[in-house]
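Visitor:
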Ligand SMILES: Cc1cc2nc3c(=O)[nH]c(=O)nc-3n(C[C@H](O)[C@H](O)[C@H](O)COP(=O)(O)OP(=O)(O)OC[C@H]3O[C@@H](n4cnc5c(N)ncnc54)[C@H](O)[C@@H]3O)c2cc1C
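In the working numbering, the protein residues as written are -17 to 313.
(1) To test your reading of the DSSP string, which unbroken beta strand (DSSP E) runs of 3 or more residues are found completely within the region 260 to 291?
(2) Do residue 0 and residue 76 have their CB atoms nearer than 8 Å?
(3) Just checking my contact of residue 124 with residue 109 at CB under 8 Å: how many whole Å lie between their CB atoms?
(4) Compute every distance between the C-beta of residue 246 and the non-hydrogen atoms of ligand 1, then say whether any falls below 7 Å.
(5) So what does residue 71 bridge to, in DSSP terms?
(6) Which residue wins for smallest C-alpha separation from residue 127, given the options 187, 50, 71, 199?
(7) Write down every uninterrupted run of the beta strand (DSSP E) in the region 216 to 251 whose length is 3 residues or greater and which is fully enclosed by it, in chain order.
(8) Pull up the DSSP beta-bridge partners for residue 182, would you.
(9) I'd like to know whether the C-beta of residue 191 is nearer than 8 Å to at least one C-beta of chain C.
(10) Could you tell me the alpha carbon to alpha carbon distance between residue 199 and residue 21, rounded to whole angstroms?
(11) Nearest to residue 177 by alpha carbon, out of 195, 252, 114, 223?
(12) Given this structure, state the Cα-to-Cα distance separating residue 131 from residue 156, to the nearest angstrom.
(13) When the Cα of residue 254 is compared with those of 136, 264, 103, which residue comes out closest?
(14) CB of residue 124 to nearest heavy atom of ligand 2: below 7 Å?
(15) Could you pull out every residue in the same chain whose Cβ sits closer than 8 Å to the Cβ of residue 244, ignoring the five residues on either side in sequence?
(16) Going by DSSP in three states, residue 47 sits in which element: helix, strand or coil?
(17) Would you decide whether residue 313 is buried or exposed? Buried here means 16 or more other CB atoms lie within 10 Å of its CB.
(18) What are the boundary residues of the beta strand (DSSP E) that includes residue 112?
(19) Could you pull out every residue in the same chain whose Cβ sits closer than 7 Å to the Cβ of residue 59, ignoring the five residues on either side in sequence?
(20) Does DSSP put residue 302 in a helix, a strand or coil?
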């Protein structure tokens, strides 16, 4: 069995965490491992994993492949897949690869399964694990098919670090430029508060926007405290539905969007630790914490949802005071 690990390089020429984890997933299958990378440059990324045990490195590089664009990314991935001729293609479920994965699978006649959380060999067959129905149940998939293209979620596999010196066979990937990248607009580092790779998730709940002990709302102070905590910890920001909905009405924190909502109708992020602040911890919210390793919460109410077995530690305290003190200590 031949396994292709396929990934794009990052703006700095290296490999991202999700890619290194996908390489871990590919390597874990056993079989002959080959590596395929595309991006503006690929040598630095290939060198970062040169000792991973791959028998061959393929690359597609150039200015055309510097940023995400369907036509060029799909052409690069297709060229690599065709050159490698692998039975299984394992790629990270980054937004860049997820955009082209299904199209590339179609071009090479592969079946595709996306966002896997497990990939293993069992009794000589590959078994893939994937969650369904908003992470409430998972299924195990086997396919009698080749090639099989899979993307794997971040946070599920051990990353591979194996620096050395790789010899990369460069491939041509003709790009018919139907579209041109004119400008890349990215939010400022501080504005980007959803950070999937962060060790800590900080969740803000509707309590931040409610009247406090003095009978007044302190939304500006809440915004300042939350942003200070994020800046001091580089944590990722999540929110309850109630607070996000208020933000949509312009009533609460200006930096919150529906992308921040964690829960049954929101996201299910993966972080080693989570801290909920001013959030009640109701089941439709906490279901989104399924993949958070250690859970702590700050709430004025000793009988809130977090106290009902949903958090490892509950601080019964005023989150305004606790977060202000925390930011002071971290500085
Ligand atoms: C079908 C369905 C789907 C849903 N999906 C989601 C979902 O995806 N995500 C989600 O979050 N919710 C979801 N909900 C809503 C969910 O049930 C709750 O209504 C929501 O999570 C409540 O948000 P909250 O805890 O921030 O607000 P509240 O329930 O208003 O809680 C605010 C908390 O702040 C505390 N507080 C106030 N001031 C302070 C202070 N100074 N210090 C410390 N604590 C303080 C209060 O004690 C209180 O516990 C869903 C509901 C339904 C019916």
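The beta carbon of each residue, even a glycine, is placed where N, CA and C say it ideally should be.
Guide: Well, looking at it:
(1) 274 to 281
(2) yes
(3) 6 Å
(4) yes
(5) -14, 131
(6) 71
(7) 218 to 221
(8) 255
(9) Going by chain labels, chain C is absent from the structure shown, which holds only one protein chain.
(10) 49 Å
(11) 252
(12) 22 Å
(13) 136
(14) No copy of ligand 2 occurs in the structure displayed; its ligands are ligand 1 alone.
(15) 183, 185, 220, 221, 222, 250, 251, 267, 270, 271
(16) helix
(17) exposed
(18) 107 to 114
(19) -12, 20, 82, 86
(20) helix
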